[in-house]
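Q: Once you've had a glance at the structure underneath, I'll fire off some questions.
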Amino acid sequence: MKVMIRGNESIAYAFKLARVQVVPAYPITPSTLVPEKISEFIANGEMKAEFVPVESEHSALSAAIGASAKGVRVGTATASQGLALMHEILFIASGMRLPIVMGIGNRALSAPINIWCDHQDMMSQRDAGWMQFYAESNQEGLDLGVMAFKIAEDERVLLPAMVGIDAFVLTHTVEPVELPEQKEVDDFLGEFVPHYVTLDPEKPATLGSFGFPEHYMEFKYGQWIAMERAKKVIDEVFSKFEEKFGRKYAKVTPEFTEDADILLVTMGSMTSTTREFVKRMRENGKKVGLVKLTVFRPFPKEELKEILKNAKVVAVLERNISFGFGGAVYAEISSALSSLKEKPKIVDFIIGLGGRDITFKSLEAALRIAERAMKEEVDEINWIDVNKEAVLKAEGLL
Amino acid sequence: MSENYENMEFFAPGHGMCAGCAAPIIVRWILKLAGPNTIVTNATGCLEVVTTAYPRTSWRVPWLHIAFENAAAAAAGVEAATRAKGEKLNIIAFGGDGGTVDIGFQALSGMVERGHNVLYILYDNEAYMNTGIQRSGATPWGAWTTTSKVGNANPIGKMRPKKPIAKILAAHDIPYAATANPAFFQDFKKKVKKALSIEGPKFLHVLSSCTTGWRHDPSKTIEILRLATDTGLFPLYEIENGDFENMRITYKPKKFKPVEEYLKMQGRFRHLFKNPEYVKKLQRDVDEWWAKYGKYYCP
Numbered sequence: 007m008k009v010m011i012r013g014n015e016s017i018a019y020a021f022k023l024a025r026v027q028v029v030p031a032y033p034i035t036p037s038t039l040v041p042e043k044i045s046e047f048i049a050n051g052e053m054k055a056e057f058v059p060v061e062s063e064h065s066a067l068s069a070a071i072g073a074s075a076k077g078v079r080v081g082t083a084t085a086s087q088g089l090a091l092m093h094e095i096l097f098i099a100s101g102m103r104l105p106i107v108m109g110i111g112n113r114a115l116s117a118p119i120n121i122w123c124d125h126q127d128m129m130s131q132r133d134a135g136w137m138q139f140y141a142e143s144n145q146e147g148l149d150l151g152v153m154a155f156k157i158a159e160d161e162r163v164l165l166p167a168m169v170g171i172d173a174f175v176l177t178h179t180v181e182p183v184e185l186p187e188q189k190e191v192d193d194f195l196g197e198f199v200p201h202y203v204t205l206d207p208e209k210p211a212t213l214g215s216f217g218f219p220e221h222y223m224e225f226k227y228g229q230w231i232a233m234e235r236a237k238k239v240i241d242e243v244f245s246k247f248e249e250k251f252g253r254k255y256a257k258v259t260p261e262f263t264e265d266a267d268i269l270l271v272t273m274g275s276m277t278s279t280t281r282e283f284v285k286r287m288r289e290n291g292k293k294v295g296l297v298k299l300t301v302f303r304p305f306p307k308e309e310l311k312e313i314l315k316n317a318k319v320v321a322v323l324e325r326n327i328s329f330g331f332g333g334a335v336y337a338e339i340s341s342a343l344s345s346l347k348e349k350p351k352i353v354d355f356i357i358g359l360g361g362r363d364i365t366f367k368s369l370e371a372a373l374r375i376a377e378r379a380m381k382e383e384v385d386e387i388n389w390i391d392v393n394k395e396a397v398l399k400a401e402g403l404l
Numbered sequence: 313m314s315e316n317y318e319n320m321e322f323f324a325p326g327h328g329m330c331a332g333c334a335a336p337i338i339v340r341w342i343l344k345l346a347g348p349n350t351i352v353t354n355a356t357g358c359l360e361v362v363t364t365a366y367p368r369t370s371w372r373v374p375w376l377h378i379a380f381e382n383a384a385a386a387a388a389g390v391e392a393a394t395r396a397k398g399e400k401l402n403i404i405a406f407g408g409d410g411g412t413v414d415i416g417f418q419a420l421s422g423m424v425e426r427g428h429n430v431l432y433i434l435y436d437n438e439a440y441m442n443t444g445i446q447r448s449g450a451t452p453w454g455a456w457t458t459t460s461k462v463g464n465a466n467p468i469g470k471m472r473p474k475k476p477i478a479k480i481l482a483a484h485d486i487p488y489a490a491t492a493n494p495a496f497f498q499d500f501k502k503k504v505k506k507a508l509s510i511e512g513p514k515f516l517h518v519l520s521s522c523t524t525g526w527r528h529d530p531s532k533t534i535e536i537l538r539l540a541t542d543t544g545l546f547p548l549y550e551i552e553n554g555d556f557e558n559m560r561i562t563y564k565p566k567k568f569k570p571v572e573e574y575l576k577m578q579g580r581f582r583h584l585f586k587n588p589e590y591v592k593k594l595q596r597d598v599d600e601w602w603a604k605y606g607k608y609y610c611p
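In the order they appear, the protein sequences are chains A and B.
Per the working numbering, the very first residue in the first sequence carries number 7; after that it's consecutive.
Per the working numbering, the very first residue in the second sequence carries number 313; after that it's consecutive.
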C-alpha cells in the first residue's frame with residue numbers, strides 16, 4: 007500500500023510492522039514524532055507494545071537495555087543531543103550484545119544550538135559498537151528500519167543498530183512510501199527469538215558483570231568478530247529483502263561510475279540532490295559518478311575499494327567534521343584505499359553542516375575543486391559554502 | 313508471597329564484600345523475602361563489583377547491571393518487558409547512596425513518577441565507598457570523607473546535612489516509602505514484605521554501615537546500626553501514598569541514647585569530639601526532629 011508519510015513515521019511504521027514490544031523514548035527535535043506516532047498506534051489499538059515515556063534519553067536507552075535483556079524486541083528513537091546523552095549507555099548496549107534498533111533524526115550538535123541536519127551526532131558515536139545505516143529517503147528509512155531488526159537479531163551478529171534519517175529533509179518531509187503488508191513483514195522477520203541469555207527466573211543469569219583484565223579483551227574481540235560477520239549478514243538480509251519486497255539495497259551503491267573520472271561519495275538525503283546533479287553533469291559530457299554509502303558501520307572497505315579504485319578523483323561529501331583532522335568518512339575511505347598501488351586522489355568536502363542547504367551550486371563548487379585535483383594539488387579538506395572571510399576576520403587572521 | 317523462602321539462599325557466599333559490611337546482610341534477606349520469582353537490577357557500586365567478578369556470580373536470581381545512574385531506568389525497562397510478556401515478577405533495584413540520591417536520582421524520580429511496579433532499595437552507607445569514601449548527598453553533617461576532609465580551616469568535615477531521600481520519594485505520592493535498618497530485623501522484614509505486596513513503585517531506604525568508610529570495628533556492625541536508630545539519628549518510619557499527615561514512625565526507643573555513643577564508635581566522627589559544640593549540635597538536630605515528628609510514632 008502506498009502511503010504519504012514523514013520520515014519519522016517511517017521509523018514508527020517499521021517498529022509497528024516489526025511488532026516491537028517495548029518502546030522507551032524521550033522527545034527531541036527532530037525525532038519526537040516517532041514516540042508520538044507510537045503512542046498514537048498504541049492508543050488506537052493498532053500496535054500492542056509497552057511505551058515507556060522516560061525522563062531522559064539516558065534512561066530511554068537504559069530501559070531499552072532492561073527490556074531487551076528480558077527478551078523482547080525493543081526500538082527507540084532520538085537525535086543529536088539526545089544521542090550524545092546516551093553515549094555512555096551505547097557502549098553498554100553493544101557490549102552486552104543486545105539487538106536494539108534506534109531511529110536517529112540526524113541533527114547537528116550544539117554549540118551553537120541548532121536543530122537542523124548534519125551527521126555529526128551519529129558520526130560521533132562511530133566507535134560505540136552499533137551498526138550504522140543512513141537512509142536516503144523515507145522509503146529507505148522504513149525498509150532499513152525493518153531490516154535492522156533482522157540483521158541485529160541474527161545470532162551471528164547480536165549487535166544494536168542505528169538507522170539515520172536526515173533532520174527535517176526526511177524526518178518532517180512527506181514522501182510516498184510503499185508500506186509492506188503486516189503478513190509480509192511477519193514472514194520476513196519471523197517471530198522474535200532472543201539468541202542470547204535473558205533475564206529468566208527459570209534460568210537465573212548475571213548480565214552486565216564485572217570484567218577483569220583477563221577477560222575484558224575477549225568480550226571486545228567478540229564484538230569485533232560480530233561486526234565483521236555483520237558484513238555478510240547485511241548482504242544476505244538485503245538480498246532476501248529484495249526477493250520479497252523488490253527493493254534493492256547495498257552497503258555501497260555505485261551509479262554512473264563505469265567510465266567516471268570523478269566519483270562523488272554521499273550519505274543520506276544529499277544523495278538525491280547529488281544524483282540529479284550528476285545526471286545533469288553527464289548531459290554536459292562530464293565524466294562524473296555517484297557512490298552512495300548506506301552502511302557506515304561495519305565499514306564496507308572491500309566494496310568501496312572495488313568501486314572507487316578506477317576513478318581519478320574521489321570527492322567525499324560529508325556532513326560531519328572531526329576537528330583537527332577532517333571528515334570522518336574521508337579518513338575511512340583514505341584508509342580503505344591505502345593498499346591500492348595506484349589510487350585515486352581523495353579530496354574531502356565538509357558540506358551542509360547544521361542544515362545548510364546542499365544545492366547544485368554547492369555541488370558545482372565541490373566539483374570544480376575535484377576537477378582541479380585531476381591536474382594539480384588541491385587542499386585536502388575543503389569547506390563548501392562557508393563565509394570564510396567573516397570567520398578569519400573574527401579569528402584575527404584577516 | 314504465600315511461599316516462604318527464608319531457608320533458601322539466593323545470594324551465594326564467596327562474594328568479596330568486606331567483613332562487617334551490612335550490605336550483604338540486607339541483600340541476602342531481601343532476596344529470601346522476595347523468593348525466586350525475582351529479577352534484580354543493580355547500580356554500579358561495591359555490591360555490583362564484588363558479587364559479579366566474571367565468570368563468577370553471587371546472584372541466584374536473574375540480575376542486570378548497566379551503569380551507575382540508571383538502576384531505576386533498567387528496572388523500568390525490565391518491568392515494561394514483563395508486562396509485554398504478561399509475566400508477574402518481583403522487580404527489585406538496588407542502589408547505593410551515590411547511585412540513588414545523587415547521580416541516579418533523576419532516573420529514580422522518573423521511574424516512580426511513571427508508576428512502574430518496582431521495589432527500589434537504597435542501601436545507604438553514607439558516602440561513595442566504592443571509589444574510596446567520597447562525600448555524597450547522603451553523607452551526614454560532621455562526617456569526615458576523602459572529599460570533606462578535616463583540617464585547620466574545616467574542623468567539621470561535611471558541612472551540609474543528609475538529603476532526606478525517603479521523604480523526597482514519599483513526596484512523589486508513591487504507594488510506599490519507608491526507612492529501615494537491618495539491626496531492627498523484624499521491622500526491616502515487615503517493611504520488605506509489605507513493600508513486595510504492594511503494586512506500584514516502592515522505595516526502601518536501608519541504612520548500611522561501611523567498616524572502612526565509617527572506620528569502625530567490623531564486629532560492631534549491628535551494634536552501630538542499632539545505635540543509629542536508638543540515638544534517634546536514623547528514625548524508622550513509613551509513608552504511604554504521600555500522606556505525610558499519617559506517616560508512621562514504626563520504632564521509638566524507650567529511652568534515647570545520647571548521639572555521642574553512636575559517634576564515638578566511628579573514626580569518621582572522631583574530630584567532632586575536639587569541640588563539644590559539634591556533638592551538641594547533632595544532639596540538638598535529633599531532639600528537634602523528634603520534637604517535630606515524634607507524634608507520628610505508631611507501633
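For glycine and all other residues, C-beta sits at the position ideal for the given N, C-alpha and C.
Of all the options Thr451/B, Tyr366/B, Gly398/B and Glu360/B, which has the alpha carbon lying nearest to the alpha carbon of Pro219/A?
A: In the first sequence, the residue the question calls residue 219/A occupies position 213. Nearest C-alpha to Pro219/A: Tyr366/B.
Q: Would you say Lys397/B reaches chain A, if we count a Cβ-Cβ gap shorter than 8 angstroms as a contact?
A: What you label residue 397/B is simply residue 85 of the second sequence in a count that begins at 1. Yes, its Cβ sits closer than 8 angstroms to a Cβ of chain A.
Q: Does the Cβ of Ser116/A have 16 or more other Cβ atoms within 10 Å, making it buried, or fewer, making it exposed?
A: Position 110 of the first sequence, counted from the start, is the residue given in the question as residue 116/A. Exposed, because fewer than 16 other Cβ atoms sit within 10 Å of the Cβ of Ser116/A.
Q: So that I know if they touch, is there some Cβ in chain B lying closer than 8 angstroms to that of Asn27/A?
A: Here residue 27/A is taken as the residue at index 21 of the first sequence, counted from 1. First, the amino acid is wrong: residue 27/A is Gln here, not Asn. So yes, Gln27/A belongs to the interface.
Q: Could you confirm whether any beta carbon from chain A is found closer than 8 angstroms to the beta carbon of Met313/B?
A: As a first step, residue 313/B must be located in the second sequence, where it is residue number 1. Residue placement at Met313/B cannot be trusted, given a pLDDT of 47 that sits under 50; the coordinates are not used to answer.
Q: Would you check if the distance between the CB atom of Trp453/B and the CB atom of Met441/B is smaller than 8 angstroms?
A: The residue labelled residue 453/B in the question sits at position 141 within the second sequence. The residue labelled residue 441/B in the question sits at position 129 within the second sequence. Not in contact: Trp453/B and Met441/B (Cβ atoms no closer than 8 angstroms).
Q: Pull up the distance between the alpha-carbon of Asn466/B and that of Gly416/B, whole angstroms please.
A: Within the second sequence, the letter at position 154 stands for residue 466/B. Within the second sequence, the letter at position 104 stands for residue 416/B. Cα-Cα distance, rounded: 29 angstroms.
Q: Note the first and the last residue of the continuous alpha helix (DSSP H) segment covering Asp267/A.
A: In the first sequence, counting from the first residue as 1, residue 267/A sits at position 261. Per DSSP, Asp267/A belongs to no alpha helix (DSSP H) and is neither H nor E.
Q: Starting from the N-terminal side, write out each stretch of the beta strand (DSSP E) that is 3 residues or longer and does not extend beyond the segment 324-360 of chain B.
A: 350-354
Q: Does the Cβ-Cβ distance between Leu376/B and Leu164/A come in under 8 angstroms?
A: Taking the first residue of the second sequence as 1, we reach residue 376/B at position 64. Taking the first residue of the first sequence as 1, we reach residue 164/A at position 158. It is not a contact, given that the beta carbons lie outside the stated cut-off.
Q: Does the beta carbon of Glu159/A come closer than 8 angstroms to any beta carbon on chain B?
A: The residue labelled residue 159/A in the question sits at position 153 within the first sequence. Chain B contact via Cβ: absent.
Q: From Val504/B to Cys330/B, what distance separates their C-alpha atoms?
A: Looking up residue 504/B in the second sequence gives position 192. Looking up residue 330/B in the second sequence gives position 18. Going from the Cα of Val504/B to the Cα of Cys330/B covers about 24 angstroms.
Q: By a C-beta neighbour count over all protein chains shown, 10 Å radius and 16 as the cutoff for buried, is Met313/B buried or exposed?
A: Numbered from its first residue, the second sequence carries residue 313/B at position 1. For Met313/B, the predicted model reports a pLDDT of 47, less than 50, meaning its position is unreliable; a value from the coordinates is still stated below. That one is exposed.
Q: Could you tell me the alpha carbon to alpha carbon distance between Glu379/B and Ser74/A, rounded to whole angstroms?
A: Position 67 of the second sequence, counted from the start, is the residue given in the question as residue 379/B. Position 68 of the first sequence, counted from the start, is the residue given in the question as residue 74/A. The amino acid at residue 379/B is misidentified as Glu; the sequence shows Ala. Going from the Cα of Ala379/B to the Cα of Ser74/A covers about 16 angstroms.
Q: By Cβ distance below 8 angstroms, which residues in the same chain neighbour Leu345/B in space, the five residues on each side in sequence not counted?
A: Numbered from 1 along the second sequence, position 33 holds the residue referred to as residue 345/B. Correct list, in chain order: Tyr317, Glu318, Lys501, Val504, Lys505 and Leu508.
Q: Please name the residue in Val78/A, Met128/A, Phe174/A and Ala55/A whose C-alpha comes closest to that of Gly361/A.
A: As a working mapping, residue 361/A is identified with position 355 in the first sequence. For the residues Val78/A, Met128/A, Phe174/A and Ala55/A, the minimum Cα distance to Gly361/A belongs to Phe174/A.
Q: Straight-line CA distance for Val353/A to Ala337/A?
A: Here residue 353/A refers to the residue found at position 347 of the first sequence. Here residue 337/A refers to the residue found at position 331 of the first sequence. Taking C-alpha positions only, Val353/A is separated from Ala337/A by approximately 10 angstroms.
Q: Per the DSSP calculation, Val107/A is bridged to which residue(s)?
A: As a working note, residue 107/A is residue 101 in the first sequence. DSSP, once it has assigned bridges, lists Gly81/A and Ala167/A as partnering Val107/A.
Q: Fully enclosed by the segment 15-83 of chain A, which beta strand (DSSP E) runs are 3 residues long or longer?
A: 28-30 and 56-58
Q: Could you tell me which residues DSSP pairs with Tyr609/B in its beta bridges?
A: Mapped onto the second sequence, residue 609/B falls at position 297. According to DSSP, which records beta bridges pairwise, Tyr609/B is partnered with Ile561/B.
Q: For the segment 32-64 of chain A, enumerate the residues whose C-beta is nearer than 9 angstroms to any C-beta of chain B, in chain order.
A: Lys54, Ala55, Glu56, Phe57, Val58, Pro59, Val60, Glu61, Ser62 and His64
Q: Can you tell me the Cα-Cα spacing of Lys246/A and Phe21/A, whole angstroms?
A: Start at 1 with the first residue of the first sequence, and residue 246/A comes out as number 240. Start at 1 with the first residue of the first sequence, and residue 21/A comes out as number 15. Computed Cα separation, rounded: 19 angstroms.
Q: Take Met129/A and list the residues in its own chain whose beta-carbon comes closer than 7 angstroms to its own, dropping the five residues that flank it on each side.
A: Sequence index remark: in the first sequence, residue 129/A carries index 123 (1-based). Asn326 and Ala334, listed in sequence order.
Q: Within a Cβ cutoff of 8 angstroms, which residues of the same chain sit near Pro570/B, ignoring the five residues on either side of it in sequence?
A: For the purposes of this step, residue 570/B is identified with residue 258 of the second sequence, where counting begins at 1. The residues are Thr543 and Gln595.
Q: Does DSSP put Gln126/A in a helix, a strand or coil?
A: Taking the first residue of the first sequence as position 1, residue 126/A is located at position 120. Correct three-state label for Gln126/A: helix.
Q: Mind listing, in chain order, the continuous beta strand (DSSP E) runs of no fewer than 3 residues lying wholly within the segment 433-463 of chain B?
A: none
Q: Taking the alpha carbon of Leu310/A as the reference point, which residue from Glu282/A, Thr259/A, Met53/A and Thr177/A has its own alpha carbon closest?
A: Start at 1 with the first residue of the first sequence, and residue 310/A comes out as number 304. Selected option, being the one with the closest Cα: Thr259/A.
Q: Would you kindly report the start and end of the unbroken beta strand (DSSP E) that includes Thr259/A?
A: Reading the first sequence from its first residue, position 253 is the one you call residue 259/A. Where Thr259/A is concerned, the enclosing beta strand (DSSP E) stretches over Val258 to Glu261.
Q: Could you spell out the range, first to last residue, of the beta strand (DSSP E) harbouring Thr491/B?
A: The residue labelled residue 491/B in the question sits at position 179 within the second sequence. Thr491/B -> beta strand (DSSP E) spans Tyr488 to Ala492.
Q: For the segment 190-218 of chain A, which residues have a beta carbon sitting closer than 7 angstroms to at least one beta carbon of chain B?
A: Leu205, Asp206, Pro207, Pro210, Ala211, Thr212, Leu213, Gly214, Ser215, Phe216, Gly217 and Phe218
Q: Sort out for me which residues DSSP pairs Glu181/A with in a bridge.
A: Start at 1 with the first residue of the first sequence, and residue 181/A comes out as number 175. Answer by DSSP bridge pairing, in chain order: Ile11/A.
Q: Run through chain A and tell me which residues come within less than 8 angstroms of Asn429/B, C-beta to C-beta.
A: On the second sequence, position 117 is the one that residue 429/B refers to. The premise fails here: Asn429/B is roughly 12 angstroms from chain A at the closest Cβ pair, so nothing lies under 8 angstroms.
Q: Could you give the first and the last residue of the continuous beta strand (DSSP E) run that contains Phe302/A?
A: Taking the first sequence and counting its residues from 1, one reaches residue 302/A at position 296. From DSSP, the beta strand (DSSP E) with Phe302/A extends over Val301 to Arg303.
Q: Does Leu343/B get closer than 8 angstroms to chain A when you measure Cβ to Cβ?
A: Taking the second sequence and counting its residues from 1, the one referred to as residue 343/B is at position 31. It does not: the Cβ of Leu343/B has no partner Cβ on chain A nearer than 8 angstroms.
Q: Hey, would you say Leu516/B sits closer than 8 angstroms to Leu431/B, going by beta carbons?
A: In the second sequence, residue 516/B corresponds to position 204, counting from 1. In the second sequence, residue 431/B corresponds to position 119, counting from 1. Closer than 8 angstroms, so yes.
Q: Alpha carbon to alpha carbon, how far is Met577/B from Thr622/B? Give it in angstroms, no decimals.
A: Any question about residue 622/B goes unanswered here, given that chain B covers just 313 to 611.
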